[in-house]
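Let me begin by presenting the structure, written as structure tokens, before commenting on it.
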Amino acid sequence: MSEETSMDEKQAAQGGASSEGTPEQDTGEKRRPRRTASSESPRRSTTAASSKSRPVKSKASATTSSASKSSAPKSSAPKSSAPKSEDTTAASEPARVSTVQAVKKAVEQFSALTGRSPESVVGARWVDDHWAVRLEVVESRRVPDTADLLAEYDIQLDGQGELLEYSRQNRYVRGRPSE
251 MSEETSMDEK QAAQGGASSE GTPEQDTGEK RRPRRTASSE SPRRSTTAAS SKSRPVKSKA
311 SATTSSASKS SAPKSSAPKS SAPKSEDTTA ASEPARVSTV QAVKKAVEQF SALTGRSPES
371 VVGARWVDDH WAVRLEVVES RRVPDTADLL AEYDIQLDGQ GELLEYSRQN RYVRGRPSE
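So this note's numbering is basically just the index in the sequence shown, starting at one, shifted up by 250.
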């Protein structure tokens with residue numbers, strides 16, 4: 251066994267000195283220390299660089315080929331002019347905000363204008379071309395809380411969530427039925 255061990259050590263020493271090893275189990279072990287070393291052989295860095303660049307080249311060529319394929323039908327087909335006009339119409343009119351976003355914007359803008367934060371949101375709906383949000387607001391705090399003076403406000407927002415108008419619709423004392 252000592253002869254085998256010394257032979258392995260000699261092969262390791264010879265393989266460590268040469269840049270190319272024989273394809274044996276020992277060569278895999280020899281490569282590990284090289285990877286951890288701060289200076290790698292130029293052959294490895296070139297191989298690593300070329301292997302990294304291969305997928306990039308294939309992606310770029312695939313993108314180029316798909317771009318040329320997709321651009322060819324657009325230029326040769328005059329039928330695509332109708333969807334382009336729809337795209338420009340959609341681009342000139344921004345999409346409307348969601349209900350949640352409309353309610354958040356209504357609360358934010360109402361609070362900024364009046365200085366009062368809403369107690370609750372009574373309702374929100376899309377009407378024709380704008381959002382209608384109804385907020386419940388404490389107008390006057392009283393002791394006890396059941397005597398607070400509340401009001402309902404209708405808030406009108408455009409499709410993008412900008413305030414169009416607001417108005418008070420109802421005023422009542424908390425806990426008492428509306429008259």
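Built from N, CA and C at the ideal position, the CB exists for glycine as well.
Bear in mind the structure is a predicted one, so any value in this text is a computation, not a measurement.
Original post:
Once you ignore the five residues that flank Ser417 on each side, which residues in its own chain have a CB closer than 6 angstroms to its CB?
Top reply: Asp404
Subject >> Candidates Pro368, Arg391, Val350 and Leu400: closest to Arg426 by CA position >> reply: Leu400
**OP:** Have a look at Thr396, Ala345, Val347 and Ser370 and flag the residue whose alpha-carbon is nearest the alpha-carbon of Arg384.
**Re:** Ser370
Original post:
How many Å lie between Ser335 and Val350 at the Cα?
Top reply: The pLDDT assigned to Ser335 is 48, lower than 50, so where the model puts this residue is not dependable; a value taken from the coordinates is nonetheless given after this. C-alpha separation (whole angstroms): 31 angstroms.
Subject >> Identified DSSP bridge partners for Ala401 >> reply: Val387 and Arg421
Original post:
Which of the three DSSP states, helix, strand or coil, is assigned to Ser415?
Top reply: In the sequence as presented, Ser is not what sits at residue 415; that position holds Glu. In this structure, Glu415 counts as strand in the three-state DSSP scheme.
Subject >> Residues bridged to Glu352 (per DSSP) >> reply: The question names Glu, but residue 352 in the sequence shown is Ala. DSSP lists no partner for Ala352.
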